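Under our numbering, think of the first position of the sequence shown as 929, with each following residue one higher. Ideal placement from N, C-alpha and C gives every residue a C-beta, glycine not left out. Here the structure is a predicted model, which is why all the values come from computation and not from measurement. Worksheet: the structure to be examined is printed underneath.
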Amino acid sequence: MSLLEELGRARTEEDVKDAYIKALGLKGVFKGLVDIQTPEIWFEAKESPCPPLLMFAQLLTYVRAARKRGEAIPGFLCVIDREKAALMATEHALPLLDDKAIVWPKSGSAADKALAAQIAPTIETHFILYQIDGYEAEFIKAAKDAVSEGRIIRTPITPNNLRQVFDKWVAMIGVELGVKREADYAVLFFADIMHDGRNEAMRNLPARLLFSGDKPVFIIGADQYELASERGYRNFWNIYHRPPEQKHRHYLLERRDSLLPMDDQKFKGAFYTPLHIVDKAYDQLNATLGADWQQKYIVWDMCAGVGNLEAKHSNLRNVFMSTLDAEDVTIMRSNPAFAGAEIFQYDYLNDDVTDFGEIDYQLSGKVPMA
């Protein structure tokens, strides 16, 4: 029985879905908020005829939510009802998902004509509409070709999903490395994501990723780690895109402290200072020391972390930045935003403290001359 005949017999939305699943021979189907979901293609279905733009608006609401959660999204999107189907490559809709001018509803079911009107200029020239009565064969071939192509849109790594991506990286990749210290996961994670699989996107990081043939090898200090199993590594990088966009890279590195195990954070005081707090601190310094304090005073941040407090300083030649972790020193030195600053490793609670509790900077020789 043809798809057209199956649709003619359909009485419910479920009948419509099942008719398309059968006609396209879809495998690995999941039905949920997305009406028909396979790794290669997602469908929004309606029992009665519905404008394609309205159906795409609903489907893209689900795609956007999945992308924000760090989940893989398919290479193709399709909307279907009992009369017609429309097919589109997902990549054409990606600019919409980051467009702050679009007001996205909290649920796909709330997608309305206003949202459809907002997305129309971007997508209506990219989807192909098939009337099943007359173009059934063409639609089935196009949809099957899309599925067989196996195209998957990988999820970018951004400040919004950093913690989620890191947790999945540890579960899928990190546990296969047999690292000596749990805190090293964060350093190795950044070596991995700041690499495109062939070349380093950022150099001078605390750890490095190299390849022996096609096998990844991680190096941190004198330690070298290889994967016990590469399955998780391949699966992870089938979901996510690397490296992150240029505009996010240094900011992501600045968040390394948020990925440390909680006991390490408490011991080292490694907590990220939000940028609005940085702004408040500079306002208070201006009020206390005068507007020209950055030119008049030498600043030593003795627990700089990765330098987010100094990111807004306009005279870095007057800035000294020290931190407990050598890895953080490497990260700061790799950031061109801190060019001109003196950056060094220093434990201000223990280094240069004599047995009598006095300060003697000659003990360690770490503190540079002003």
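Might you give, ordered along the chain, the residues of its own chain that have their beta carbon closer than 6 Å to the beta carbon of residue 936, omitting 5 neighbours on each side?
Excluding sequence neighbours, residue 936 sits near nothing in its chain.
For residue 1110 and residue 1130, what's the separation of their Cα atoms in angstroms?
Cα to Cα, residue 1110 sits roughly 23 Å from residue 1130.
What residues in its chain sit with their C-beta under 8 Å from that of residue 1222, if we drop five residues either side in the sequence?
Counting only Cβ-Cβ distances below 8 Å, and skipping sequence neighbours, we find 1241, 1242, 1243 and 1246.
Three-state secondary structure assigned by DSSP to residue 1073
Annotated three-state conformation of residue 1073 is helix, per DSSP.
To which residues of the same chain is residue 957 closer than 8 Å at the C-beta, ignoring the five residues directly before and after it?
Here the set comprises 949, 964, 965 and 966.
Contiguous alpha helix (DSSP H) assignments of at least 4 residues, all confined to the stretch 1220-1253:
Entirely contained in the stretch 1220-1253, the alpha helix (DSSP H) runs reaching 4 residues are, in chain order, 1221-1224.
Bounding residues of the alpha helix (DSSP H) (the contiguous stretch that carries residue 1136):
Membership of residue 1136 in any alpha helix (DSSP H) is not indicated; the residue belongs instead to the beta strand (DSSP E) covering 1135-1140.
Note down, in chain order, each residue of its chain lying with its Cβ closer than 8 Å to the Cβ of residue 932, except the 5 sequence neighbours on either side.
Here the set comprises 1060, 1061 and 1064.
Provide the residue span of the alpha helix (DSSP H) that contains residue 970, from first to last.
Counting along the chain, residue 970 falls outside any alpha helix (DSSP H), though it belongs to the beta strand (DSSP E) covering 969-973.
Suppose you measure from the CA of residue 1236 to the CA of residue 1265; what does that come to, to the nearest Å?
Their Cα atoms are separated by approximately 10 Å.
Taking the alpha carbon of residue 1269 as the point to measure from, which residue in 1283, 1284, 1277 and 1297 has its own alpha carbon closest?
When 1283, 1284, 1277 and 1297 are compared, the shortest CA-CA separation from residue 1269 is found for 1297.
Compute the Euclidean distance between the alpha carbons of residue 1346 and residue 1219, then round it to the nearest angstrom.
Residue 1346 lies beyond the stretch modelled for the chain, which goes from 929 to 1298, so this question has no answer here.
State the start and end residues of the unbroken beta strand (DSSP E) segment that holds residue 979.
Premise fails: residue 979 is in no beta strand (DSSP E) and is neither H nor E.
Per DSSP, what kind of secondary structure is residue 1305 in: helix, strand or coil?
Absent from the model: residue 1305. The displayed extent of the chain is 929 to 1298, so no value can be given.
Does the stretch 1005-1023 come within contact of the stretch 1082-1101, defined as at least 3 CB pairs closer than 8 Å?
When Cβ pairs closer than 8 Å are counted between the two stretches, the stretch 1005-1023 is seen not to touch the stretch 1082-1101, the count staying below three.
Check residue 1039 in the structure and name its three-state DSSP category.
Looking at residue 1039 - three-state DSSP - the assignment turns out to be coil, as it is neither helix nor strand.
Which of helix, strand or coil does DSSP assign to residue 962?
Here residue 962 carries a coil assignment [DSSP, helix/strand/coil].
With C-beta atoms as the reference, is residue 989 less than 7 Å away from residue 1033?
In this structure, the beta-carbon distance from residue 989 to residue 1033 falls below 7 Å.
Below 8 Å CB to CB, which residues in the same chain sit around residue 908 once its five sequence neighbours on both sides are set aside?
Given a span of 929 to 1298 for the chain in the structure shown, any question on residue 908 remains unanswerable.
Ignore the nearest five residues each way along the sequence and tell me which others in residue 1030's own chain have a CB closer than 8 Å to its CB.
Within the same chain, residue 1030 has close Cβ partners 1024, 1043, 1046 and 1047.
For residue 1104, which residues from the same chain have a beta carbon less than 7 Å from its beta carbon, with the 5 sequence-adjacent residues on both sides left out?
So the qualifying residues of the chain are 1155, 1156, 1157 and 1160.
Taking the alpha carbon of residue 1233 as the reference point, which residue from 1279, 1213, 1179 and 1280 has its own alpha carbon closest?
1179 is the residue among 1279, 1213, 1179 and 1280 whose C-alpha sits nearest the C-alpha of residue 1233.
To the nearest angstrom, how far is the alpha carbon of residue 1192 from that of residue 1148?
Only weak support is given to the placement of residue 1192: the predicted model assigns it a pLDDT of 48, under 50, and the value that follows is read from those uncertain coordinates. Residue 1192 and residue 1148 have their C-alpha atoms roughly 18 Å apart.
Use the C-beta contact count for residue 1194: other C-beta atoms within 10 angstroms, 16 or more gives buried, fewer gives exposed.
With a pLDDT of 44 at residue 1194, under the threshold of 50, the predicted position of this residue should be treated as unreliable, and no value is reported.
Would you check if the distance between the CB atom of residue 1002 and the CB atom of residue 969 is smaller than 7 Å?
Cβ distance < 7 Å, so residue 1002 and residue 969 count as in contact.
Selection from 1212, 1107 and 1090 that minimises the alpha carbon distance to residue 1176:
Comparing Cα positions, the closest option is 1090.
Let me make sure I understand the geometry here. Which of 1081, 1118, 975 and 1207 has the alpha-carbon closest to that of residue 944?
Per the Cα distances, 975.
Reduced DSSP category for residue 1151 - H, G, I as helix; E, B as strand; rest coil:
Annotated three-state conformation of residue 1151 is strand, per DSSP.
What is the rounded straight-line gap between the Cα of residue 1039 and the Cα of residue 954?
Residue 1039 and residue 954: Cα-Cα distance of roughly 27 Å.
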